[in-house]
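Student:
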Amino acid sequence: AQSVTQLGSHVSVSEGALVLLRCNYSSSVPPYLFWYVQYPNQGLQLLLKYTTGATLVKGINGFEAEFKKSETSFHLTKPSAHMSDAAEYFCAVSGADYKLSFGAGTTVTVRA
Amino acid sequence: NAGVMQNPRHLVRRRGQEARLRCSPMKGHSHVYWYRQLPEEGLKFMVYLQKENIIDESGMPKERFSAEFPKEGPSILRIQQVVRGDSAAYFCASSPLQGPQETQYFGPGTRLLVL
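As you go down the protein sequences, you meet chains A and B in turn. For the record, in the first sequence the residue sitting at position 73 is 73 according to this note's numbering, with numbers rising by one throughout. For the record, in the second sequence the residue sitting at position 8 is 120 according to this note's numbering, with numbers rising by one throughout.
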């Protein structure tokens, strides 16, 4: 079985500051890892995913995440926050099948 | 290429009524998944369907909930005799292929409120 823990339900950053969203996973098989973003009243949009290969994954809108097997982590970062980054972010894991297991989400607010 | 479409976007029902949620997958996608998001929680898997077949309904409540994906038309998630605890956002996703590494593309969701 797979599960995800997202540390921090709310994160507030200043515009231009580093965004760091934490995700730890548990999986009995090699995991596939995803980060999705949800803007208000919209569906989830894929930011990036890790399948195999390079552990540093680059996504859309300047986001990237690093898969660290030894730490069972897949933290999401962006060097410089923009006002348009205000949204809810979900980390998800899949293992042997198609079922995505999601974390509870982290809401990001960006201060001007 | 239009994304995943869901309607209605918002649905209000009184206890005991039926709710029907519709999902049209992206063009060329034959795999459909339904997830439910309760307040302050992440999405939880409910059911996986291909055309005319329910492949996995392990996340669906045993009673009152059913899903279908007919040969023609959208996938339907049906909730009979709704209760207040059914209030949630219901998301549909689709993918062109099936597998743990495949990206699932999500629709905007249907927000169900049961009075």
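Just so it is clear, CB atoms sit at the ideal spot from N, CA and C, and this is done for glycine as well.
Please report the Cβ distance between A/VAL57 and A/ASP85, rounded to the nearest whole angstrom; I am assuming they are in contact, meaning their Cβ atoms lie under 8 Å.
Tutor: With a Cβ gap of about 18 Å, A/VAL57 and A/ASP85 do not count as contacting.
Student: In chain A, which residues lie less than 7 Å from B/PHE218 when you measure between Cβ atoms?
Tutor: Neighbours of B/PHE218 on chain A, chain order: GLY43 and LEU44.
Student: For B/GLU180 versus B/SER187, is the C-beta spacing smaller than 8 Å?
Tutor: Contact flag set, yes.
Student: Below 8 Å on the Cβ atoms is my contact criterion, and I expect A/TRP35 with A/LEU48 to pass it. Report the Cβ-Cβ distance as a whole number of Å.
Tutor: Contact holds; Cβ gap of about 5 Å.
Student: Counting Cβ pairs closer than 8 Å, one from the segment 115-126 of chain B and one from the segment 70-82 of chain A, do we hit at least three?
Tutor: Verdict: no, contact absent.
Student: Cβ of B/ARG223 within 8 Å of Cβ of B/ALA201?
Tutor: Yes, the Cβ-Cβ distance between B/ARG223 and B/ALA201 is below 8 Å.
Student: Any idea if A/VAL10 is buried or exposed, counting beta-carbon neighbours within 10 angstroms, 16 or more meaning buried?
Tutor: The amino acid at residue 10 of chain A is misidentified as Val; the sequence shows His. Per the 10 Å Cβ criterion, exposed.
Student: With respect to the beta strand (DSSP E) encompassing A/PHE67, which residues constitute its N-terminal and C-terminal limits?
Tutor: Segment 64-68, the beta strand (DSSP E) holding A/PHE67.
Student: Strictly below 7 Å CB to CB, what residues from chain A border B/PRO212?
Tutor: Residues of chain A passing the Cβ test: TYR32, SER94, GLY95, ALA96, ASP97 and TYR98.
Student: Tell me whether the beta-carbon of A/ALA104 lies closer than 8 Å to the beta-carbon of B/GLU214.
Tutor: No; because the gap between Cβ atoms is not below 8 Å, this pair is not in contact.
Student: Does the beta carbon of A/GLY59 sit closer than 8 Å to a beta carbon anywhere in chain B?
Tutor: False, the Cβ-Cβ gap to chain B never drops below 8 Å.
Student: What residues of chain B sit near A/ALA104, judged by a beta carbon separation below 9 Å?
Tutor: By Cβ distance, chain B contributes GLU152, GLU153 and GLY154.
Student: Give a yes or no on contact between the segment 86-96 of chain A and the segment 13-28 of chain A, applying the rule of three or more CB pairs nearer than 8 Å.
Tutor: Touching, yes, given that three or more Cβ pairs across the two stretches are closer than 8 Å.
Student: Consult DSSP for A/ASN41 and reduce its assignment to one of helix, strand or coil.
Tutor: In the structure shown, A/ASN41 sits in coil (DSSP, three-state: anything other than H, G, I, E or B).
Student: In whole angstroms, what is the alpha-carbon distance linking B/SER178 and A/THR77?
Tutor: Near 39 Å, if we compare the C-alpha coordinates of A/THR77 and B/SER178.
Student: Could you pull out every residue in the same chain whose Cβ sits closer than 7 Å to the Cβ of B/GLU175, ignoring the five residues on either side in sequence?
Tutor: Here the set comprises nothing.
Student: Could you tell me the distance, in whole angstroms, from the CA atom of A/PRO31 to the CA atom of A/THR51?
Tutor: About 8 Å.
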